[in-house]
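Structure record follows, encoded as structure tokens.
Residue numbers (the numbering used here), protein chains in the order written: chain A, 3 to 212; chain B, 3 to 212.
In structure tokens form, the structure reads like this:
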């Protein structure tokens, strides 16, 4: 490969981005390890500030650990439901916001903000760029998995301190996101939150010139 | 398109990720507006927490504003050089860490953490997921531009308060990154920081099982 890409590839890349969804409805059949490994190769190709590669991955296989994270989500989601306004609470209650009970693969993703790798380059005035690097890697993984037909759902309705304790995470790691991975029950180009009547996508980008 | 992707597409997607670089060496010839617009369509397809789409883009065209941002970078980079250890300072001084003086397109990217869009869904325990959504959109843009042969360089060596003042940014926006976009002087699969002897990529991912 020469690093030149065709119009046909660009169209298919745009289609991939249109078909990428945050998936919360998974089949329970297993994910072949080879497909997950390919996704993680894409993850590792993401840009990172100063080449610091601050990403740290915990694969959660233990049923007890999974149950603790699921309960963490359920408690936080019950709190979130309790804070909804009257006109939105019924809609919120109907939303399925995590596939943690069904997805065969669970990854908890962290940033080691104290890593010496990269020698601090690019992160002096903006240390949060380490966390941002990890987010970029998750997007790479997300696109690569979707290209295999796999779904990914990013769960953020979690108490991070509780999760750090439940998963026995080194104190210098920052929790970025809890990822559910598996075969989606359905494919769509419309976000589930839009189909459920929660929110719509903007027809235009907010772009100003200075 | 059905949302099904072929092995050939997946290979080309992996190649795109291998060829995507943080570019700091740009030619000065202009970027066709149609290509930039296609990149921004990819940007807008990124996932966002609660469908909040918190991204805000400032396109910096004014020479005075560009000069202010470039001086911001130069001052911060001089400070960063001054903090290097003796054994690394000479290497740091040789690095080119921004294409702000040459790149034809400059975008400053922000997150509106106070947006009502999405009704707060998913961001109660982790409000930083709004910033993370904006990072994901930048990664979409980065990949889409690279598929057109265009380069993107993300500059983070900036004083954010000074940048907010210089660009007259609403106080409720959070600065995420300053993007230089243009035609790269060269293409490579090896990061420039690796070619310059600053840091190398890890041969393995940090992955533990719990």
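No residue lacks a Cβ here, since even glycine has one placed at the ideal position from N, Cα and C.
Exposed unless 16 or more other CB atoms sit within 10 angstroms - verdict on residue i
| i | result |
| --- | --- |
| residue 192 (chain B) | exposed |
| residue 92 (chain A) | exposed |
| residue 64 (chain A) | exposed |
| residue 187 (chain B) | exposed |
| residue 210 (chain A) | exposed |
| residue 56 (chain B) | buried |
| residue 79 (chain A) | buried |
| residue 67 (chain A) | buried |
| residue 84 (chain B) | exposed |
| residue 96 (chain A) | exposed |
| residue 36 (chain A) | exposed |
| residue 197 (chain A) | exposed |
| residue 117 (chain A) | buried |
| residue 114 (chain A) | buried |
| residue 8 (chain A) | exposed |
| residue 10 (chain A) | exposed |
| residue 131 (chain A) | buried |
| residue 179 (chain B) | buried |
| residue 155 (chain A) | buried |
Distance, residue j Cα to residue i Cα
| i | j | result |
| --- | --- | --- |
| residue 40 (chain B) | residue 103 (chain B) | 24 Å |
| residue 141 (chain B) | residue 49 (chain B) | 11 Å |
| residue 204 (chain B) | residue 89 (chain A) | 50 Å |
| residue 70 (chain A) | residue 168 (chain A) | 7 Å |
| residue 47 (chain A) | residue 23 (chain B) | 10 Å |
| residue 157 (chain A) | residue 17 (chain A) | 24 Å |
| residue 173 (chain A) | residue 166 (chain A) | 8 Å |
| residue 127 (chain A) | residue 81 (chain B) | 10 Å |
| residue 75 (chain B) | residue 159 (chain B) | 6 Å |
| residue 109 (chain A) | residue 163 (chain B) | 35 Å |
| residue 148 (chain A) | residue 6 (chain A) | 23 Å |
| residue 106 (chain B) | residue 72 (chain B) | 13 Å |
| residue 176 (chain A) | residue 143 (chain B) | 26 Å |
| residue 52 (chain B) | residue 12 (chain B) | 29 Å |
| residue 112 (chain B) | residue 134 (chain A) | 13 Å |
| residue 98 (chain B) | residue 181 (chain B) | 15 Å |
| residue 150 (chain A) | residue 15 (chain A) | 13 Å |
| residue 25 (chain A) | residue 153 (chain A) | 6 Å |
| residue 33 (chain B) | residue 185 (chain B) | 7 Å |
| residue 121 (chain A) | residue 54 (chain B) | 35 Å |
| residue 27 (chain B) | residue 124 (chain B) | 39 Å |
| residue 61 (chain A) | residue 100 (chain A) | 17 Å |
| residue 129 (chain A) | residue 138 (chain A) | 15 Å |
| residue 21 (chain B) | residue 190 (chain B) | 6 Å |
| residue 30 (chain A) | residue 199 (chain B) | 46 Å |
| residue 206 (chain A) | residue 170 (chain A) | 43 Å |
| residue 202 (chain A) | residue 94 (chain B) | 46 Å |
| residue 4 (chain B) | residue 77 (chain B) | 50 Å |
| residue 208 (chain B) | residue 87 (chain A) | 42 Å |
| residue 45 (chain A) | residue 212 (chain A) | 34 Å |
| residue 194 (chain A) | residue 161 (chain B) | 38 Å |
| residue 58 (chain A) | residue 42 (chain A) | 12 Å |
| residue 136 (chain A) | residue 19 (chain A) | 19 Å |
| residue 146 (chain B) | residue 38 (chain B) | 9 Å |
Residues that DSSP places opposite residue i in a beta bridge
| i | result |
| --- | --- |
| residue 112 (chain A) | A:58 and A:177 |
| residue 211 (chain A) | B:61 |
Within-8 Å CB hit, residue i to chain C
| i | result |
| --- | --- |
| residue 105 (chain B) | In summary, chain C is missing from the structure at hand, where the protein chains are A and B. |
**Asked** Can you list, in chain order, the stretches of the alpha helix (DSSP H) that have 4 or more residues and sit fully within the stretch 51-85 of chain A?
**Response** Fully enclosed alpha helix (DSSP H) runs of 4 or longer: 65-84.
**Request:** Go through the stretch 135-198 of chain B residue by residue and report every complete run of the alpha helix (DSSP H) that reaches 4 residues or more, in order.
**Result:** The qualifying runs are 162-168 and 194-197.
**Prompt:** Looking at chain A, which residues of the stretch 114-131 of chain B have a Cβ within less than 9 Å of any of its Cβ atoms?
**Reply:** If the cut-off is 9 Å between Cβ atoms, the stretch 114-131 of chain B has 114, 119, 120, 121, 122, 123, 124, 125, 126, 127, 128, 130 and 131 near chain A.
**Request:** Taking only runs that begin and end inside the stretch 4-44 of chain B, name each unbroken alpha helix (DSSP H) of 4 or more residues, in chain order.
**Result:** Listed in chain order, the complete alpha helix (DSSP H) runs (minimum 4 residues) inside the stretch 4-44 of chain B are 9-21.
**Message:** Against chain A, which members of the stretch 39-54 of chain B pass a CB distance test of less than 8 Å?
**Reply:** Under the 8 Å Cβ criterion, the stretch 39-54 of chain B contributes 40, 42, 43, 44, 45, 46, 47, 48, 49, 51, 52, 53 and 54.
**Members of the stretch 191-210 of chain A near chain B, C-beta cut-off 8 Å** = For the stretch 191-210 of chain A, which is checked against every Cβ of chain B, the residues closer than 8 Å are 191, 193, 195, 196, 200, 201, 202, 203, 204, 207, 208, 209 and 210.
**Request:** Taking a Cβ distance cut-off of 7 Å, strictly less, list which residues of the stretch 23-38 of chain A are near chain B, in chain order.
**Result:** Cβ contacts with chain B come from 24.
**Prompt:** Going along the chain, which residues of the stretch 171-190 of chain A sit with their C-beta nearer than 9 Å to a C-beta in chain B?
**Reply:** Those would be 171, 177, 178, 179, 189 and 190, in chain order.
**Asked** For the stretch 72-90 of chain B, which residues have a CB atom closer than 9 Å to at least one CB atom of chain A, in sequence order?
**Response** Residues 78, 81, 82, 85, 86, 87 and 90.
**Positions along the stretch 149-167 of chain B whose CB lies within less than 8 Å of some CB in chain A** = Listed by position, the residues of the stretch 149-167 of chain B near chain A (Cβ gap below 8 Å) are 149, 150, 151, 156, 158, 159, 160, 161 and 162.
**Asked** Going along the chain, which residues of the stretch 130-145 of chain B sit with their C-beta nearer than 8 Å to a C-beta in chain A?
**Response** For the stretch 130-145 of chain B, which is checked against every Cβ of chain A, the residues closer than 8 Å are 130, 131, 133, 134, 137, 138, 140, 141, 142, 144 and 145.
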